[in-house]
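Here is the structure we will look at, set down as C-alpha cells.
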Amino acid sequence: MSDEPTTTGTNGAQALIRTLVAAGVDVCFTNPGTSEMHFVAALDDVAGMRAVLGLFEGVVTGAADGYARMAGRPAATLLHLGPGLGNGLANLHNARKGRTPVVNVVGDHATYHKQYDAQLESDIETVARNVSPWVRWSSGPADVGRDAAEAVAVASGPPGQVATLVLPADVSWSDGGVVAEPLPAAAPAPPDAGAVEAAAKALRSGEPVGVFLGGGALRERGLVAASRVAGATGARLLCETFPTRHERGAGIPDVSRLAYLAEFAEAQLAGLKHLVLVDAKAPVSFFAYPGKASWLVPEGCEVHVLADGSHDVPVALEALAEVLGAPAGGADRRDATRPDVPTGALTAEAVAQAVGALLPEGAIVSDEANTSGLSVPGMTAGAPRHDWLCLTGGAIGQGLPVATGAAVAAPGRRVLSLQADGSALYTIQALWTQAREGLDVTTVIFNNRSYAILNLELSRVGAGAGGPKARELLDLRRPDMDFVAISQGLGVPASRATTAEEFADQLGRSLATPGPSVIEAMVPSLI
Ligand SMILES: Cc1ncc(C[n+]2csc(CCOP(=O)(O)OP(=O)(O)O)c2C)c(N)n1
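If you want the working numbering, it's the 1-based position in the sequence shown plus 282.
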C-alpha cells in the first residue's frame, strides 16, 4: 500500500463503493471525518451511491435501520473510527435486536499510523462486537471489494444483522482497488417438517395454545396464514411488544401486541398450555422487578419453535395452516373503521384519535411515542393499511432517525413519526436531515414535559415514590422546551397544538404537504 493517494486507476474507496452499489447497497448514511475523506471524494467518481448526511452518528445508524426495515435491503453507514461508531451504538443495538441488516463502513487510521496511538486511535473491534457478529479489517485495496460483497451478504441474512467493515485510510486511498461481484443471496430455510408437526399436534390437543409472532411473521402473508391457523384451532394470536415492522390496518388480520408491563403480559398469556414461537423469542419481562416474574411463559406451558429468523417464516406458517386443514380463505381480516376527528381538550388519547381518523393509506409509522402512544395502536387498527416500526431494542433516540431512513427508502409514502419529547432530544438533529433531503415526514412530538415512564418505573422497582431530587431527574421542566423553535432552527416548519381541533387541523395539513413538518402536541402526562 502507498502513503501517497492514487491519482489514476481505481483506489480502494472507489472499488468499495462500486461493489456496494453492484450489490444493491446504494444509500450511505454518514457522518464522516478525515480518515473517510477518500470515500467521500469517491462518491463523485462513482455513480449510483446516494449519500445522506446525519449530524450525529445516532441519526446515521438509526436512519440505516429505518431504511432497511422498509427497503428490505441494507444501507451502508460511513462512520469515523471508534468514537463515531460508538456514538452510533444505541441505534445499532436497536437494529441488532430487530435483526435489521446494516453494513457499517468504519474508517480507521492508515495502517502504518496506528502504532503511534494518535488522538482518534481506539479499540474499534470492542465497540463493533457489541452489535456486529461480523467484523473485518480490509487489508488492502485488492481485498476491499471482496470484503464489502461479503459484508452485504452477511448483513442481508437471513436473519438480518449488522456487519462492520473497517477501512484503513491507506486502503481507501491506495491504487489497485478491485471491484467484486455481489455474492448470491442466501435462501431462507424451508419449514422444518418436524417443527410443523409438533406445532400442529399442540394446536390439535384441545388445550389452550398461543401462537407468538415476531420478525418476518408480521407482514400480510404471515399474518394471513397465522389467522387461518387461529381460525381453525381457536389459538390465541399474540405478537412481540416492539416489532421491527408490523403491517396492519384494514384488510390485514389483527394480532395483539404483548404488553410492555409484565403484569399485563402475564394476563395475556395466562392459562396457555402451549406457546408456538414463530420468529420470536419466548416472552420475558423487560426488566427484573423485585418479587415479579422475569420469564413470562406460564408455568407448565410447553414452548414449541415453528420457525426462527433463518427460515422462510410465512411459508412455515402456511405449511402449518395446510397441515391443520385450515381453509384458504379462513383468515379474519380487519374491517375498515376509523374514529371521528376529536374535539375538545388535547390529550394523548385525542392525538391518537386524530391519527386514527386521518392516517393515510400506505403510511409508515415510526413509533417512539412511549407512554403518550398507548391509545394509538387501538385507534388505528382499522385505518387504511400501513406499516408500524417500533423501538426494537428499547434504546431511546430511535424514532426520528428511523423515520428519516424509512422516508428515504419509501418515497411516495407518508411517514408519521410519533415521538415522545424526552426520547426526541437524543437525536433531534434528524429533523435537519429530513429538511435537507426534503423527506415527507410528519413528526408529532408529544410534549408531556416528563420522562413519564420512569416515574412509573421508580415505584415498580420498589424504590418508592421518590424524593424531590429523584423526581427532579425525571422532570423535563425548568426550562420548558420549545419544540416549535427547535424544529424551525433545524429547518423544519413547525406548529403547536393545544386543543384537539388545532391538532387535527395541523395534522391534516401536514399529511397533505410535501416535505417534513413538526407538530408539537401539548399533552398532559398519562403518569
Ligand atoms: C439509550 C437509552 N437511554 C436511557 C434510557 C432510559 N429511559 C427509558 S424511558 C426514558 C424516558 C422516556 O421519556 P419520554 O421519551 O419523554 O417518554 P415518556 O415516558 O414521557 O412517555 C429513559 C431516559 C433508554 N431506554 N435508552
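Just so it is clear, CB atoms sit at the ideal spot from N, CA and C, and this is done for glycine as well.
Which same chain residues, not among the five before or five after residue i, have their C-beta less than 7 Å away from its C-beta?
i    : result
E783 : T625
P470 : P440, S592, H593, D594
S317 : H362, L363, G389, D390, H391, A451
M661 : P621, A634, Q635, V637, G638
T629 : V805, P806
E407 : V417
Leaving out five residues before and five after residue i in sequence, what residues of the same chain have Cβ atoms less than 8 Å from its Cβ?
i    : result
I735 : N652, T653, I809
A467 : A435, S438
A717 : L772, G773, V774, G797, P798
V409 : G364, L367, G368, L371
Could you compute how far the alpha carbon of residue i sits from the alpha carbon of residue j?
i    : j    : result
E650 : R418 : 33 Å
P572 : E581 : 19 Å
P535 : L698 : 22 Å
V511 : L602 : 7 Å
E719 : V444 : 25 Å
G459 : A392 : 16 Å
V506 : D614 : 8 Å
L641 : C583 : 39 Å
R501 : E643 : 16 Å
T674 : P659 : 16 Å
G348 : P683 : 7 Å
T343 : T686 : 11 Å
P383 : A350 : 6 Å
E242 : F728 : For residue 242 there is no data in the structure shown, the boundaries of the chain being 283 and 809.
A575 : A544 : 8 Å
V647 : A745 : 35 Å
F311 : V385 : 10 Å
T619 : A752 : 43 Å
R530 : V493 : 17 Å
T472 : A508 : The residue you asked about is not Thr; residue 472 is Pro in the sequence shown. C-alpha separation (whole angstroms): 17 Å.
A552 : A747 : 30 Å
G676 : T292 : 42 Å
Can you have a look at residue i and say buried or exposed, based on whether 16 or more other CB atoms are within 10 angstroms of its CB?
i    : result
D285 : exposed
Q788 : buried
A475 : exposed
A346 : buried
P565 : buried
S487 : exposed
N369 : buried
G681 : buried
R696 : buried
N412 : exposed
S741 : exposed
E802 : buried
E463 : exposed
E631 : buried
L599 : buried
V478 : buried
T795 : exposed
R378 : buried
T780 : exposed
S421 : exposed
D425 : buried
V743 : exposed
P423 : buried
Please go through the same chain and pick out, in chain order, the residues whose beta-carbon is closer than 6 Å to the beta-carbon of residue i, but skip the five residues on each side of it.
i    : result
V461 : A297, R300, T301, G427
V387 : A358, L360, L447, L449
S807 : N730, S732, A734
H528 : L500, W670
A295 : H320, F321, A324, S454
H586 : A480, A481, A484, V558
P666 : G531, A532, E643
G380 : T526, T674
A433 : V385, A445, L447
At a cut-off of 8 Å, would you count residue i as near ligand 2, judging by its Cβ distance to the nearest heavy atom?
i    : result
A345 : Absent from the structure shown: ligand 2. Ligands present: ligand 1.
(request) Report yes or no: do the stretch 517-527 and the stretch 536-550 share at least 3 C-beta pairs separated by less than 8 Å? (result) yes
(request) Spell out a yes or no on whether the stretch 321-332 and the stretch 374-383 are touching, meaning 3 or more CB-CB pairs, one atom from each, closer than 8 Å. (result) Taking a cut-off of 8 Å for Cβ pairs, the stretch 321-332 and the stretch 374-383 do not touch, as fewer than three such pairs fall below it.
(request) Would you check if there are 3 or more beta carbon pairs closer than 8 Å linking the stretch 348-361 to the stretch 683-696? (result) yes
(message) Taking 8 Å as the cut-off, does the stretch 326-342 touch the stretch 704-715 (at least 3 CB pairs, one atom from each stretch)?
(response) yes
(request) Check whether the stretch 552-566 touches the stretch 490-504, taking contact to mean three or more Cβ pairs, one atom from each stretch, closer than 8 Å. (result) The stretch 552-566, when compared against the stretch 490-504, does touch it at the 8 Å Cβ threshold.
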